[in-house]
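J.: Start counting at 1 in the sequence shown, then tack on 1, and there's your number in the working numbering. The structure's right below; bear with me while I get my questions together.
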Amino acid sequence: NEDSEGTVNVLGGTWRLYDSGNNARPLNVGQSGTGTLNIKQKGHVDGGYLRLGSSTGGVGTVNVEGEDSVLTTELFEIGSYGTGSLNITDKGYVTSSIVAILGYQAGSNGQVVVEKGGEWLIKNNDSSIEFQIGNQGTGEATIREGGLVTAENTIIGGNATGIGTLNVQDQDSVITVRRLYNGYFGNGTVNISNNGLINNKEYSLVGVQDGSHGVVNVTDKGHWNFLGTGEAFRYIYIGDAGDGELN
């Protein structure tokens, strides 16, 4: 409820969020109040549908810290209707196998920091899985100090109200994506700085649809590397049907 607070600490143990039929069960962290989930000291949470800030006014935070501390999810919404934060640090490890969304609904806010050897794998056997930063709300993902993210189709500023930002900074900080859509219907910004690296397996579109706006800033020895082979998979469109900018 509103004004309520709750914390769960998984320290070396395991919390499995499936029913007796092995069906994934939802977990809402910060539904209407404030909720925190800490996974540390080789703790494991094996989850299905995880939502942070699942209602308007809800504030949810998940911290995954330390080597062999693991969170597995299928659908992961960080800021569903409220505010959500995910911090992956000190070699913590997170997987998402259906979709990962930061700032799902209008008015929501989702923030992610992956740092200090933390890793987030957003992937399954279907290359169409999406990593959405600022779907209808506001989303920001920061990869720094040796953080690693692997994703398939990555969409920043997905819908008209969506505002998304991707920051990749510092040596050994890397995100590897298949396709990057920056400013799909909304507003997207990508900042690559201080030896940060984006590996693009196929192509990238900046300012995709009419009315969208996408900006990419590459500074201070940042790198944007295209790994695809052939014209079909190795190109950038700056201003496809919308407004695009590369600095």
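A virtual CB, placed ideally from N, CA and C, is assigned to each residue, including glycine.
With H, G and I counted as helix, E and B as strand and the rest as coil, what does DSSP make of residue 112?
T.: strand
J.: On the criterion of 16 or more Cβ atoms from any shown chain inside 10 Å, does residue 152 qualify as buried, or is it exposed?
T.: Burial check for residue 152: the Cβ neighbour count within 10 Å reaches 16 or more, so the residue is buried.
J.: At the level of alpha carbons, what is the spacing between residue 220 and residue 31?
T.: Computed Cα separation, rounded: 37 Å.
J.: Quick check: what's the CA-CA separation for residue 116 versus residue 109?
T.: Roughly 23 Å between the two C-alpha positions.
J.: Classify residue 172 as buried or exposed, calling it buried when 16 or more other Cβ atoms lie within 10 Å of its own Cβ.
T.: exposed
J.: Along the chain, where does the beta strand (DSSP E) that runs through residue 47 open and close?
T.: 45-47
J.: According to DSSP, what are the bridge partners of residue 144?
T.: 115, 169
J.: Express the C-alpha separation of residue 202 and residue 228 in angstroms, rounding to a whole number.
T.: 5 Å
J.: Quick check on residue 203: does DSSP put it in helix, strand or coil?
T.: Residue state, collapsed to three classes: coil.
J.: Report buried or exposed for residue 101, applying the criterion of at least 16 other Cβ atoms within 10 angstroms of its Cβ.
T.: buried
J.: Does the Cβ-Cβ distance between residue 54 and residue 13 come in under 8 Å?
T.: no
J.: Thinking just about the alpha-carbon of each residue, which of 241, 199, 5, 34 is nearest to the one in residue 82?
T.: Minimum Cα distance to residue 82 is reached at 34.
J.: Note down, one range per segment and in chain order, each beta strand (DSSP E) of at least 3 residues found wholly within the segment 45-72.
T.: DSSP runs (the beta strand (DSSP E)) wholly in the segment 45-72: 45-47, 50-53, 60-66.
J.: Buried or exposed: where does residue 20 fall if 16 or more other Cβ atoms within 10 Å of its Cβ makes it buried?
T.: exposed
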